[in-house]
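For the working numbering, count along the sequence shown from 1 and bump the result up by 68. The next block holds one structure in the form of structure tokens; read it before the comments.
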Amino acid sequence: MSEQSTQETTGQGTPKAEDRGARSAPLDRLVQEGVAVWLDDLSRERLRTGNLADLVAHHGVVGVTTNPSIFASALAKGDAYDEQLRELAAQGADVEDAVFRITTDDVREAADVLRPVYDATDGVDGRVSIEVDPRLARDTEKTVASAKALWSTVDRPNVFIKIPATIEGLPAITAVLAEGISVNVTLIFSLERYRAVLDAFLTGLEQAKEKGIDLAPVASVASFFVSRVDAAIDKRLDELGTEEAAALRGKAALANARLAYGAYQEVAASDRWKALAAAGAKPQRPLWASTGVKDPAYPDTLYVQELVVAGVVNTMPAGTLEATEDHAEITGDTVTGRTEESQEVVDRLAALGVSLDEVTEALEVDGLQKFDQAWEQLLGTVRDGLGGAQEAVASGSGASR
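Structure below.
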């Protein structure tokens, strides 16, 4: 993660001019600034219709992230999964197995769509993420076992296994990386936890190196959540109702993310990282997640155009990607050199009695609860689908759910 390795990574991840297709001017500028554009969405419909392939070919998308909420939404809409549900029902699959099969099949297919990007960028991009069962977020050993099962089942070198950055998740991140498995660390809200994630990453690669594992194919990103921070902080500022509080609305998330990038730079300059880079390791890129704005008063591309810096990933919901293509104002690097300004925002919040640490701690708990709820919704949708398919199989009608 040295400056040199960041530049090299940026170069590897930037498509050649002739490969840019119909990419819009804002997206083209964003990519040229060194930001990797990923889509925060996946569904079988996107895969079957060729939509994902089109986004990759013509809209600058070089990666995909998923989570339980995304899969729950995909399963609840349309009939794209009916055929597989009938097959699973006929095989007597239970709900847990069905969810595992459905989600890993989607991710495997998406990984194949992104494989040319993975090959062209020497494994930097072209990645597809799939998350461990969120119910395991407080159990280190089960998280490691789940990660290994997902890795072996998807069986593609360009998959990322997503592991939440809980206290229990940190040693799991290290253990999984130490096995040569690429990891997307998710649900990072606080600067303190992000520093712990960076340490877990370095330790995992050091252990992999000791085992003689080739570090070059092992990749990682650290998903730092953005818009949820503003949503939570702004609520507290509104409750204060002062002019000083109002002046800080919409500033906390960007400050938090920019300070995180500063922590990334500190590690990039460390002897620990330089030793790993010399052994062929790739940097753990910061990934801006939750980049769709929650407050309609803010520009819909706020968390794209204000977090531009070479060597990072921005994973966008479809609506944010479309808005970025259409009218984002990409003016260059909007992160580097803003550490002092960002710390001032945090200090001003603290002076008003708004603790960023307290808010980010609550956001982690809330994030895990939301993922648990989405997982239960996913299980319920698949349970209903299997039930309908079993009835159809039993009646011999072959009707869909």
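Beta carbons: idealized from backbone N, C-alpha and C, even for Gly. Since we're looking at a predicted model, the values are computed, not measured.
Asked, Found
"Nonlocal neighbours in the same chain, by C-beta distance under 7 Å from TYR262, ignoring five residues either side", "ILE256, ALA290, PHE292, ALA328, ALA331"
"Identity of the residues DSSP links to GLN352 by a beta bridge", "SER288"
"At least three beta-carbon pairs within less than 8 Å, the stretch 319–327 to the stretch 397–411", "yes"
"Sub-8 Å separation of VAL175 and VAL192 beta-carbons", "no"
"Cβ distance (whole Å) where ILE229 is taken to contact SER258 below 8 Å", "Not quite, the Cβ-Cβ distance comes to about 22 Å (not below 8 Å), so this is no contact."
"Nearest neighbour of THR388, chosen from VAL414, GLY360, VAL381 [CA to CA]", "GLY360"
"Test item: CB-CB of GLN352 and SER288 under 8 Å", "yes"
"Residue environment, ASP223, which counts as buried when at least 16 other CB atoms sit within 10 Å", "exposed"
"Local conformation of PRO232 per DSSP, three classes", "strand"
"Assigned secondary structure, THR402 (DSSP; H/G/I helix, E/B strand, else coil)", "coil"
"Expected contact under 8 Å - CB spacing of PRO94 and GLU393 to nearest Å", "6 Å"
"Reduced DSSP secondary structure (H/G/I, E/B, other) of MET69", "Bear in mind that a pLDDT of 48 at MET69, under 50, signals an unreliable position, so the number given afterwards is only what the model happens to contain. Coil."
"Proximity of ALA276 and GLY248 at Cβ, strictly below 8 Å", "yes"
"Ranges of the alpha helix (DSSP H) found wholly within the stretch 149–207, counting only runs of at least 4", "150–158, 163–188"
"Uninterrupted beta strand (DSSP E) stretches inside the stretch 304–351 (no shorter than 3 residues)", "none"
"Cα-Cα separation, VAL129 to LEU270", "28 Å"
"Continuous beta strand (DSSP E) stretch holding VAL377: start and end", "Neither: VAL377 is in no beta strand (DSSP E) and is coded neither H nor E."
"Among THR221, ASP96, ALA205, the one whose alpha carbon lies nearest that of ILE241", "ALA205"
"Simplified DSSP state of GLY131, which is helix, strand or coil", "strand"
"C-alpha distance - LEU143 paired with GLU177, whole-angstrom precision", "16 Å"
"C-alpha distance - SER473 paired with LEU153, whole-angstrom precision", "No answer is possible for residue 473: it lies beyond the span of the chain, which begins at 69 and ends at 469."
"Exposure label - GLU151; buried when at least 16 CB within 10 Å", "exposed"
"Close-in-space but distant-in-sequence residues of the same chain around VAL185 (CB under 6 Å, 5 per side omitted)", "VAL130, ASP193, GLY194"
"Inter-residue Cα distance where the pair is VAL450 and VAL167", "7 Å"
"Contained beta strand (DSSP E) runs [length at least 3] in the stretch 416–458, N- to C-terminal order", "none"
"Whether LEU156 touches VAL376 by CB criterion (8 Å)", "no"
"Proximity winner among PRO225, GLU260, ASN382, ALA442, relative to VAL181 (alpha-carbon distances)", "PRO225"
"Three-way DSSP call (helix, strand, coil) for ALA396 in this model", "coil"
"Per-residue DSSP class, three states only, for THR388", "helix"
"Outcome for VAL132 when other beta-carbon atoms lying within 10 angstroms are tallied against a minimum of 16", "buried"
"Cβ shell of LEU431 (< 8 Å), same chain only, five flanking positions each side left out", "PHE257, PHE293, ARG296, VAL297, ALA300"
"Status (buried if at least 16 other CB within 10 Å, exposed otherwise) for GLY160", "exposed"
"Rounded C-alpha distance that separates GLU236 from VAL244", "13 Å"
"Residue of GLU274, ALA314, LEU305 minimising C-alpha distance to ALA343", "GLU274"
"Pair within 8 Å by beta-carbon distance, ASP108 and PRO364", "no"
"DSSP three-state assignment for VAL227, whether helix, strand or coil", "strand"
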